[in-house]
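Worksheet for the structure shown next.
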Amino acid sequence: MNRHLSATPDNALASQLELAFEDNRLAAQLYGDFDQNLALIEQRLKLTATPRGNHLMLKGSASAVDQGRRVLESLYAMLEEGRALDVANVDTMIRMIEQEDSQLTLPTLEKKGKVRMAQIATRKATIVARTPAQDAYMRAMERSELVFGIGPAGTGKTYLAVAHAATLLERGDINRIILSRPAVEAGERLGFLPGDMKEKVDPYLRPLYDALYDMMRPEHVERCITSGVIEVAPLAFMRGRTLANAVVILDEAQNTTSMQMKMFLTRLGENSKMIVTGDPSQVDLPRGEKSGLVEAVGLLEGIEGVHMSRFNDKDVVRHALVGRIVRAYDAASANKQQQ
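One gets the numbering used here by counting positions in the sequence shown from 1 and adding 296 to each.
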């Protein structure tokens with residue numbers, strides 16, 4: 297790929313950069329149908345991108361042009377590797393580049409260069425990080441025994457945790473996946489609900505099941521549940537157990553009490569990992585009851601083997617409106633605390 301960079305004479309802060317892509321076919325895929333990918337880059341980075349065949353001229357502020365160059369080079373590298381490119385990939389790459397300077401430098405993140413995003417590969421799907429926070433979270437799950445994923449809804453905390461567990465199971469690194477979630481709405485008195493244990497807790501664990509079906513074939517998921525390889529373990533029924541050779545996921549952890557969280561964390565056995573996810577801003581515990589997640593984060597920060605991955609509204613990967621909703625609620629909460 298060739299580059300030519302020059303400053304416009306009328307504005308020292310503005311610049312233009314010409315990129316030349318060697319493969320015309322890949323260049324067309326990079327631009328997108330009706331240049332939709334370029335349009336998104338222009339809108340988000342506040343620059344202009346003018347294509348002429350396999351040549352592309354970028355114009356804008358020096359920082360915007362540099363960001364645009366890195367986005368395009370990273371996307372082109374994806375195409376060279378034979379990976380498909382869509383608007384979601386473009387949006388992800390823009391997010392990664394925009395937030396790069398504010399994140400810790402990661403092992404495969406070259407400063408001011410091409411971005412290599414973390415991936416989780418299962419037989420059914422390959423999940424690629426869509427924000428720097430997701431990238432750091434995915435890498436942390438590989439190297440840490442206990443990982444906390446903390447932040448608002450829609451940031452992929454639970455989904456990525458289940459994906460990581462599924463790939464470890466498929467690789468044979470673990471023997472079991474254990475899913476747990478506090479059933480606050482039922483007051484943990486699950487015995488009053490109809491059906492067997494699985495039927496009692498299914499409504500509370502539905503998001504975890506949905507993620508599993510995305511990663512594994514449905515018939516394989518059902519066989520694993522039947523054989524106990526994938527286990528539904530309501531938090532209230534985990535006391536006294538030692539969980540070895542497993543990935544144990546505790547979802548909606550903001551709704552655990554201090555005693556429940558301590559009990560859960562002390563179940564960790566040999567060759568196991570724990571992933572705890574939750575949003576401290578959505579605690580459904582009775583008034584005056586302290587969240588076990590909030591307490592654990594304060595107590596365990598900095599302890600060897602424990603990693604805290606924090607997400608914010610910029611990491612929301614659902615509909616763009618979700619991020620704006622999260623920001624509105626956060627702002628209202630901040631104003632209320634100041635009053």
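Think of the CB as a built atom: it goes at the ideal place given N, C-alpha and C, for glycine as much as any other residue. Because the structure is a prediction, the values reported are computed rather than measured.
query: If you check the beta carbons only, do residue 416 and residue 460 fall under 8 angstroms apart?
result: In the sequence shown, counting from the first residue as 1, residue 416 sits at position 120. In the sequence shown, counting from the first residue as 1, residue 460 sits at position 164. The answer is yes: Cβ separation under 8 angstroms.
- request: Identify the continuous alpha helix (DSSP H) that holds residue 561 and give its terminal residues.
  value: One-based indexing of the sequence shown puts residue 561 at position 265. Start and end: 554-561.
- prompt: Between which two residues does the alpha helix (DSSP H) harbouring residue 463 extend?
  reply: Reading the sequence shown from its first residue, position 167 is the one you call residue 463. First-last of the alpha helix (DSSP H) with residue 463: 453-467.
message: Any beta carbon of chain C sitting closer than 8 angstroms to that of residue 610?
response: No chain C appears in this structure, which consists of one protein chain only.
query: Given a threshold of 16 other Cβ atoms within 10 Å of its Cβ, counted over all protein chains shown, does residue 378 qualify as buried or as exposed?
result: In the sequence shown, residue 378 corresponds to position 82, counting from 1. It counts as exposed.
- prompt: In terms of DSSP beta bridges, what is residue 526 paired with?
  reply: What you label residue 526 is simply residue 230 of the sequence shown in a count that begins at 1. DSSP lists 473 as partners of residue 526.
- prompt: In angstroms, rounded to a whole number, what distance separates the CA positions of residue 519 and residue 531?
  reply: Within the sequence shown, residue 519 is the residue found at index 223, counting from 1. Within the sequence shown, residue 531 is the residue found at index 235, counting from 1. Taking the straight line joining both Cα atoms gives about 23 angstroms.
message: I believe residue 511 touches residue 462 by the beta-carbon criterion, under 8 angstroms. Please report the beta-carbon distance rounded to the nearest angstrom.
response: Taking the first residue of the sequence shown as 1, we reach residue 511 at position 215. Taking the first residue of the sequence shown as 1, we reach residue 462 at position 166. With 8 angstroms as the limit, residue 511 and residue 462 qualify as a contact, their Cβ atoms being about 4 angstroms apart.
message: Taking its Cβ as the centre, do 16 or more other Cβ atoms sit within 10 Å of residue 481, making it buried, or is it exposed?
response: Stepping through the sequence shown from its first residue, residue 481 is reached at position 185. Below a pLDDT of 50, predicted positions are generally treated as unreliable, and residue 481, at 48, falls in that range; the measurement from the model is reported next regardless. By the 10 Å Cβ count, residue 481 comes out exposed.
- request: Give me the Cβ distance between residue 478 and residue 548, rounded to the nearest whole Å; I'm assuming they're in contact under 8 angstroms.
  value: Working through the sequence shown from its first residue, we reach residue 478 at position 182. Working through the sequence shown from its first residue, we reach residue 548 at position 252. So it is a contact: roughly 6 angstroms between Cβ atoms.
- request: Kindly indicate which three-state DSSP category residue 564 falls into: helix, strand or coil?
  value: On the sequence shown, position 268 is the one that residue 564 refers to. Three-state DSSP puts residue 564 in a strand.
message: Please give me, in chain order, every unbroken run of the alpha helix (DSSP H) with length at least 4 that falls completely inside the stretch 328-416.
response: Inside the stretch 328-416, DSSP marks whole alpha helix (DSSP H) runs of 4 or more residues at positions 332-341, 358-376 and 383-395, from first to last along the chain.
query: Counting pairs of beta carbons, one from the stretch 418-434 and one from the stretch 574-585, are three or more of them closer than 8 angstroms?
result: No: fewer than three Cβ pairs fall under 8 angstroms.
message: Relative to the C-alpha of residue 521, which candidate in 473, 546, 369 and 578 has its C-alpha closest?
response: Counted from its first residue, the sequence shown places residue 521 at position 225. If we check each option's Cα against that of residue 521, 473 comes out closest.
message: DSSP three-state label for residue 621, please.
response: By 1-based counting over the sequence shown, the position of residue 621 is 325. Residue 621 falls in the helix class under three-state DSSP.
task: Have a look at 319, 564, 625 and 607 and flag the residue whose alpha-carbon is nearest the alpha-carbon of residue 442.
output: Residue mapping note: residue 442 aligns to position 146 of the sequence shown, counting from 1. Checked all of 319, 564, 625 and 607; the closest Cα to residue 442 is 564.
field: Spatial neighbours of residue 430 in its chain, beta-carbon cut-off 6 angstroms, leaving aside the 5 residues before and after
entry: On the sequence shown, residue 430 is found 134 positions in, with the first residue counted as 1. Counting only Cβ-Cβ distances below 6 angstroms, and skipping sequence neighbours, we find 452.
message: For the stretch 333-351 against the stretch 361-379, do three or more pairs of beta-carbon atoms, one drawn from each stretch, fall closer than 8 angstroms, so that the two count as touching?
response: yes
message: Suppose the cutoff is 8 angstroms on Cβ atoms and the five residues either side in sequence are ignored; what does the same chain contact list for residue 625 look like?
response: Along the sequence shown, one-based indexing puts residue 625 at 329. Correct list, in chain order: 577.
query: Terminal residues of the continuous beta strand (DSSP E) containing residue 534?
result: Counting from one through the sequence shown, the residue named residue 534 turns up at place 238. Note, residue 534: premise wrong, no beta strand (DSSP E); not H, not E.
query: Between 392, 356 and 357, which lies nearest to residue 371 when the distance is taken from Cα to Cα?
result: Locating residue 371 in the sequence shown gives position 75, where the first residue counts as 1. Comparing Cα-Cα distances from residue 371 to each of 392, 356 and 357, the minimum goes to 392.
task: Taking residue 579 and residue 551 to be in contact with their CB atoms under 8 angstroms, please state how far apart those CB atoms are, rounded to whole angstroms.
output: Start at 1 with the first residue of the sequence shown, and residue 579 comes out as number 283. Start at 1 with the first residue of the sequence shown, and residue 551 comes out as number 255. Indeed, because the Cβ distance is near 6 angstroms, the residues count as touching under 8 angstroms.
- request: Please classify residue 610: does DSSP put it in a helix, a strand, or coil?
  value: Along the sequence shown, one-based indexing puts residue 610 at 314. Helix at residue 610.
message: Please report the distance separating the alpha-carbon of residue 604 from that of residue 444.
response: Mapped onto the sequence shown, residue 604 falls at position 308. Mapped onto the sequence shown, residue 444 falls at position 148. Each residue's Cα considered, the two are about 5 angstroms apart.
- prompt: Taking C-beta to C-beta, are residue 354 and residue 325 nearer than 8 angstroms?
  reply: Taking the sequence shown and counting its residues from 1, the one referred to as residue 354 is at position 58. Taking the sequence shown and counting its residues from 1, the one referred to as residue 325 is at position 29. Cβ distance not < 8 angstroms, so residue 354 and residue 325 don't count as in contact.
field: Supposed close pair residue 435, residue 449 - CB separation, criterion 8 angstroms
entry: Within the sequence shown, numbered from 1, the residue matching residue 435 stands at position 139. Within the sequence shown, numbered from 1, the residue matching residue 449 stands at position 153. Rounded, the Cβ-Cβ distance is 22 angstroms, inconsistent with contact.
For residue 441, the three-state DSSP class (helix, strand or coil): Along the sequence shown, read from residue 1 onward, the residue named residue 441 stands at position 145. In this structure, residue 441 counts as coil in the three-state DSSP scheme.
field: Three-state class that DSSP yields for residue 602 in the structure shown
entry: To locate residue 602, count along the sequence shown from 1; it is residue 306. Three-state DSSP puts residue 602 in a strand.
field: Reduced DSSP category for residue 430 - H, G, I as helix; E, B as strand; rest coil
entry: Position 134 of the sequence shown, counted from the first residue, corresponds to residue 430. Residue 430 falls in the helix class under three-state DSSP.
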